[in-house]
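There are 2 protein chains.
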Amino acid sequence: MKLWLFFLSFFFFFIVISTKTPISSHPLDPLSAEELVLVQKIVKKSYPSKSHNITFQYVGLDDPEKPLVLSWLSNPKNNPPRRALVVARSNKETHEIIVDLSKRTIFSDQVYEGPGFPLITYEEQMASILLPLKYTPFIESMKKRGINVSEVVCSTFTKGWFGENKGKRVLKLLAFQIDNTVNLFMRPIEGIEILVDLDEMKIAEYSDKFTLPVAKSEGTDYRFTAQKPPLGPHIGGAAVMQPDGQGFKIDGHTIRWVNWEFHLALDVRVGPVISLASIYDPEKKKYRSVLYRGHVSELFVPYMDPSKDYYYRSFFDCGEFGFGQSAASLIPNADCPSNAVFMDGYYAGKDGTPVKVSNAFCIFERHAGEVMWRHTESGIPGVTVNEARPDVSLVARMVATIGNYDHVVDWEFKPSGSIKVQVGLTGILEVKGTTYTHVDQIKEEAHGSLLAENTIGVYHDHFLSFYLDLDVDGVDNSFEKKGLLMKPVTDGSTPRKSYWTVVSETAKTESEAKMQLGQKPYELVIVNPNKKTKAGNKYGYRIIPGATLHSLLLENDYPQIRGAFSENNIWVTPHNKSEKWAGGRYVDQSQGQDTLAAWTLRNREIENKDIVLWYVMAFHHVPCQEDFPLMPTLTGGFELRPTNFFESNPVLKVVTG
Amino acid sequence: MKLWLFFLSFFFFFIVISTKTPISSHPLDPLSAEELVLVQKIVKKSYPSKSHNITFQYVGLDDPEKPLVLSWLSNPKNNPPRRALVVARSNKETHEIIVDLSKRTIFSDQVYEGPGFPLITYEEQMASILLPLKYTPFIESMKKRGINVSEVVCSTFTKGWFGENKGKRVLKLLAFQIDNTVNLFMRPIEGIEILVDLDEMKIAEYSDKFTLPVAKSEGTDYRFTAQKPPLGPHIGGAAVMQPDGQGFKIDGHTIRWVNWEFHLALDVRVGPVISLASIYDPEKKKYRSVLYRGHVSELFVPYMDPSKDYYYRSFFDCGEFGFGQSAASLIPNADCPSNAVFMDGYYAGKDGTPVKVSNAFCIFERHAGEVMWRHTESGIPGVTVNEARPDVSLVARMVATIGNYDHVVDWEFKPSGSIKVQVGLTGILEVKGTTYTHVDQIKEEAHGSLLAENTIGVYHDHFLSFYLDLDVDGVDNSFEKKGLLMKPVTDGSTPRKSYWTVVSETAKTESEAKMQLGQKPYELVIVNPNKKTKAGNKYGYRIIPGATLHSLLLENDYPQIRGAFSENNIWVTPHNKSEKWAGGRYVDQSQGQDTLAAWTLRNREIENKDIVLWYVMAFHHVPCQEDFPLMPTLTGGFELRPTNFFESNPVLKVVTG
């Protein structure tokens, strides 16, 4: 049962608060455990427990304005004010509180009255799933089905929004049977709907509508200890030996490796946040900025069963459940290779007390056997040249497990200047119960694949929006759409009848930047129009997309209104501190007024400005039997690659150990 | 100068021929050095040197028919006849000779009179590039430019076809200056056109039309020994230690690893050929076939400068120059990681003598730090489950260096059943000379990017056609296009307004299978319609494409007629022994009659038949300064992934060392 892991992951810190609590010296550092305690203390002073039942739904760094951070970068004495953003619930109201950590005061406090609700805390989820087990109608429903309540566990599902006015802060629960397995998600107990009022923490609605067979437990448990022979396949282990030692240094949250420097922080909502990534240019003898900030902005997962018992299932994993809050404690030699170094993370629990996530990140040099560059020259008589350089990269990894799904998020830095982002989807599918045991029995639309007896893996999508505030060697950048356009040769000047050329267009406004990819070929480059190479090319970084998929839902369908960022693969906005989360700030029961799609309706100017690139990585998921009872990792990704950023190949003179 | 490598790579074997030459026992083994000598002997007996100036343009295994191979698989006594296909030139004619190795006789001999010419041998290329250096007009051209002929090297370029009738077997040469650098390709001497008659091995046409400055040599040499300080970046080395030892066994050309078994052969034309890949199914207690045969079929590289001096540059790297013939000798710890095992390869040289390529392949277990699967369960009160399995794969790698470009071809096998194919493009760009030294000087279409002074990297494409003869648990398969189709909800039965579902269509004929990807979402599955899982799903393997690009050229443009396979990403044909090469058998100066596009005009039936999937992996290449003077690797790939092939996750019970 690995109970020690449970305690390790959710070990609560009790720290004596002192007015001397040290403040982090790096303006982008996540709030430390001590700082979280300080925030808790300051907020609770204004909201004493006796009169207020205040809960901390989100506590994170209130980002200092970019000019202040850049000023600090050039002179560390210019430390911007250190502030925390607290989103709290008190008396069924949502408060946005800015806490000034330096002055130990509340800087501002506003009640948010718009649609939607904040992040649901882990404690709220855990408290709510216990409610049915002592709720008489539920106990009777189980009895009716012949299921022992001690073998039942509930899980949390957000309710979504389908046109209604703002109501209560509620959560749906579904029940699962766990006799002989820990794989609850493969064993839904169908027909029961439970609505929990989160502010009251009580069951608000309950109904038992129908029954379906619960799929058998056999073969669903994935723990190694639960496997029966024959085991296998057997794979050998491996250790990465680095005779030259570990190649990177971690200084607080700043990581330096080969020619890269970047800052890594855990945010309770979006998980890993990369900041101030810059690369050393030996020709210019300095670090040059590439990515001011990059992180997953939102993950929208709409399911494709529209029927009355399933229609609501569309999740926003960052804004509803929190990638950082759901960070798994990474397992050495399994989640990360033998040469990985681990970092813990902290977030504020429901009452503001810091929660430690052990091994929230791992950082490792990835020696994957790839070739950085090579060439064999056999065309010079009498001479053979055979030169090759092995590639290596630095990976910062976090895993966010949102209920059933595990998301392995990798930020990979290459000496050649590329940043690759890779997301691996694994964990467990969301399935629904059915009477079907064979495909031949299915006569009407099942909205999924029959994976095993009584088990349908429901069709769904994953749309990950990435926030990419590229600062290509400076703050002011432009977005160039370089279309590859076929030109016919009609003048008979040569035997060729066609060719393609590059037609560049600088997106002047947000609407000019919106793109569904896959239709026509483009090179998509964020350039610095103010800085050029000696040959006159604008410094640039291009994005090489992976799968170019986008949402298939109707634009006016409720989940799509809320997850409208999934309509395009590419969006560009002017940098705006309040626009970090593509699904909006209050995503739970959101109504779509505060999304990337809504912001960009203003059609702001984006040429030669501090701009943010939003990229949507997408998966359409048609489950298959290999995904049962647990999915082998499926991976997607994209690459940010220097394009006329350097004068020439920056790894030509690489020296390998 | 690493002369030892030169000798190592092109070490000619002189083997005493005996009538006892052993014949390979595996029917798909490539021809051994001994067998190549036997072929040479048998052919030369019919074509004595005195009367025939016979040259061996292609020597390879004449594939036994699939039923014979499958019969051998079930009983090794059923050894099919072992035959070689020889394409020879004799008296300016192309001969297709089938040699029976068992009977030591010529089985058949036909003169090919159609359009196009066979593979150009390495020796022909090397002989032709020496011709200008002793050719007076060329020497004078160099003198006129003030270039010392001793500092000049020529390189070979195929002529293509632009509507003319079949003419002579010729090759174009271009000149490059190599003082102070081995990077000839960055230093074209423009204005000179040389045409070599390959059968006569003499210069047939020569013209000196204009001069342009030759780009400077500074900064172009990529050899480590040529680099000047400051060197860097510095990256640490790494060794993969495998405490359980090497996980794979090589038995002749058969490789067995974890749950995979496959055969790896070198073909002079297409490079690595994977055959009989099958995976062990512990539930069925047997190996089940996945891929009968897979290899690069052709690589079409059209350049996008249509002007009169460049228009012809469109290459077919497999059929013109030979991927296997151009295999680089892989460098330990640079081209392949420390735990790699190397295999040599052999092909027949121009006179039929075997040529050894040392380290033509490397095979290694790839421990890249990926996660095979994982799940953290924190939703069961009092219990935390945290399970993860590290991923590992087996990679078979070859590098084909065709002139300037190096192609790193990886076949990667995963315990989960996936086969990933990855191609890395590195090496050197094809550039053209120019007077431009700055982008601002460019007033008209340059057909490329200014990379450095006097150097334009010409726009071009890479279209790799992969031949994928999947035999999904049996020979007869079908191709299912599973369209993801949006359905509106109009009956008001639920608050949802839309969803998507899967609409499957089995391609009945070749034309129904042709697809340009990227427009609409599909799951593309090769299924065995005759075999189903217990739940009733057809066994399948799906292809997950990478970038879904296709040719932008006009259909009637000459290069496009020849490389017409680049029009679609997906093609499916019935298995036909003579259809292996998507650009046709005789690609040099081909006229497009014998291509995948032409074959499929017959629109044959492909349902529940032995079918071949052809996938086109594409890159549009807009060069950038980072590609100068040598390109950091750019990678593309695709995945073949089991989809209802197994009853459940085949790596659930994996045991890791």
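Just so you know, the protein sequences line up as chains A and B, in that order. With the UniProt record's numbering, you'll find the first sequence wraps up at 657, consecutive numbering, no jumps. With the UniProt record's numbering, you'll find the second sequence wraps up at 657, consecutive numbering, no jumps. Ideal Cβ positions, reconstructed from N, Cα and C, are used throughout, including at glycine. Nothing here was measured: the structure is a model prediction, and the numbers come from that model.
Per-residue DSSP class, three states only, for residue i
{"i": "methionine 343 (chain A)", "result": "strand"}
{"i": "phenylalanine 162 (chain B)", "result": "coil"}
{"i": "arginine 562 (chain A)", "result": "helix"}
{"i": "alanine 327 (chain B)", "result": "strand"}
{"i": "glutamine 441 (chain B)", "result": "helix"}
{"i": "methionine 372 (chain B)", "result": "strand"}
{"i": "tryptophan 581 (chain B)", "result": "coil"}
{"i": "glycine 319 (chain B)", "result": "helix"}
{"i": "phenylalanine 646 (chain A)", "result": "coil"}
{"i": "arginine 604 (chain B)", "result": "coil"}
{"i": "proline 282 (chain A)", "result": "coil"}
{"i": "serine 24 (chain A)", "result": "coil"}
{"i": "alanine 88 (chain B)", "result": "strand"}
Beta-carbon proximity check, residue i vs residue j, cutoff 9 Å
{"i": "arginine 562 (chain A)", "j": "threonine 595 (chain A)", "result": "yes"}
{"i": "aspartate 208 (chain B)", "j": "proline 132 (chain B)", "result": "no"}
{"i": "methionine 617 (chain B)", "j": "glycine 637 (chain B)", "result": "yes"}
{"i": "proline 118 (chain A)", "j": "tyrosine 436 (chain A)", "result": "no"}
{"i": "glutamate 365 (chain A)", "j": "asparagine 339 (chain A)", "result": "yes"}
{"i": "tyrosine 310 (chain A)", "j": "leucine 630 (chain A)", "result": "no"}
{"i": "serine 566 (chain A)", "j": "phenylalanine 300 (chain A)", "result": "yes"}
{"i": "glycine 536 (chain B)", "j": "valine 622 (chain A)", "result": "no"}
{"i": "tryptophan 373 (chain B)", "j": "valine 87 (chain B)", "result": "no"}
{"i": "alanine 513 (chain B)", "j": "valine 572 (chain B)", "result": "yes"}
{"i": "leucine 425 (chain A)", "j": "leucine 634 (chain A)", "result": "yes"}
Boundaries (first-last residue) of the beta strand (DSSP E) holding residue i
{"i": "arginine 641 (chain B)", "result": "631–642"}
{"i": "glutamate 93 (chain A)", "result": "93–100"}
{"i": "serine 465 (chain A)", "result": "460–470"}
Close beta carbons around residue i, own chain, < 6 Å, minus the five adjacent residues each side
{"i": "glycine 474 (chain B)", "result": "Asn528"}
{"i": "glycine 160 (chain B)", "result": "Tyr312, Ser314"}
{"i": "isoleucine 463 (chain B)", "result": "Residue 463 (chain B) is actually phenylalanine in this sequence, not isoleucine. Closer than 6 Å at the Cβ level, and outside the excluded window around phenylalanine 463 (chain B), lie Phe300, Ser566, Val616, Ala618."}
Residue span of the alpha helix (DSSP H) that contains residue i, given as start and end
{"i": "threonine 136 (chain B)", "result": "136–145"}
{"i": "valine 622 (chain B)", "result": "Premise fails: valine 622 (chain B) is in no alpha helix (DSSP H) and is neither H nor E."}
{"i": "proline 67 (chain B)", "result": "66–74"}
{"i": "methionine 241 (chain A)", "result": "Segment 239–241 is the beta strand (DSSP E) holding methionine 241 (chain A); no alpha helix (DSSP H) there."}
{"i": "methionine 398 (chain B)", "result": "Run containing methionine 398 (chain B): none in the alpha helix (DSSP H); it sits in the beta strand (DSSP E), 393–402."}
{"i": "methionine 126 (chain A)", "result": "122–130"}
{"i": "glutamine 40 (chain A)", "result": "33–46"}
Same chain, Cβ closer than 8 Å to residue i, neighbours up to 5 away in sequence not counted
{"i": "lysine 44 (chain A)", "result": "Ile54, Gly352"}
{"i": "lysine 487 (chain A)", "result": "Ser498, Tyr499, Trp500, Thr501"}
{"i": "leucine 485 (chain A)", "result": "Trp500, Thr501, Val502, Val503"}
{"i": "asparagine 608 (chain A)", "result": "Asp476, Asn477, Ser478, Pro529, Asn530"}
Close beta carbons around residue i, own chain, < 7 Å, minus the five adjacent residues each side
{"i": "phenylalanine 107 (chain A)", "result": "Arg83, Ile98, Val99, Asp100"}
{"i": "phenylalanine 10 (chain A)", "result": "Per-residue confidence for phenylalanine 10 (chain A) stands at a pLDDT of 40, beneath the threshold of 50, marking its modelled position as unreliable; no derived number is given."}
{"i": "threonine 548 (chain A)", "result": "Leu517, Gly518, Asn569"}
{"i": "asparagine 644 (chain B)", "result": "Thr533, Asn537, Lys538, Tyr539, Gly540"}
Chain-ordered chain D contacts of residue i [CB-CB under 8 Å]
{"i": "proline 381 (chain B)", "result": "The structure shown contains no chain D; its protein chains are A and B."}
Item to complete: Flag this pair as touching only if the segment 399–419 of chain A and the segment 262–274 of chain A have three or more C-beta atom pairs under 8 Å; answer yes or no.
Response: yes
Q. Do three or more CB pairs link the segment 413–432 of chain A to the segment 382–394 of chain A at distances below 8 Å?
A. Yes, they touch.
Within 8 Å, do at least three Cβ pairs link the segment 212–223 of chain B to the segment 180–192 of chain B? yes
Open item on the list: Across the segment 293–310 of chain A and the segment 375–384 of chain A, are there enough close Cβ pairs to call them in contact, namely three or more that are closer than 8 Å?
Closed with: The segment 293–310 of chain A is not in contact with the segment 375–384 of chain A.
Exercise for review: Could you tell me whether the segment 192–209 of chain B touches the segment 348–366 of chain B, where touching means 3 or more Cβ pairs closer than 8 Å?
Suggested key: no
Okay, do the segment 222–229 of chain A and the segment 226–234 of chain B touch, 3+ Cβ pairs below 8 Å being the bar? no
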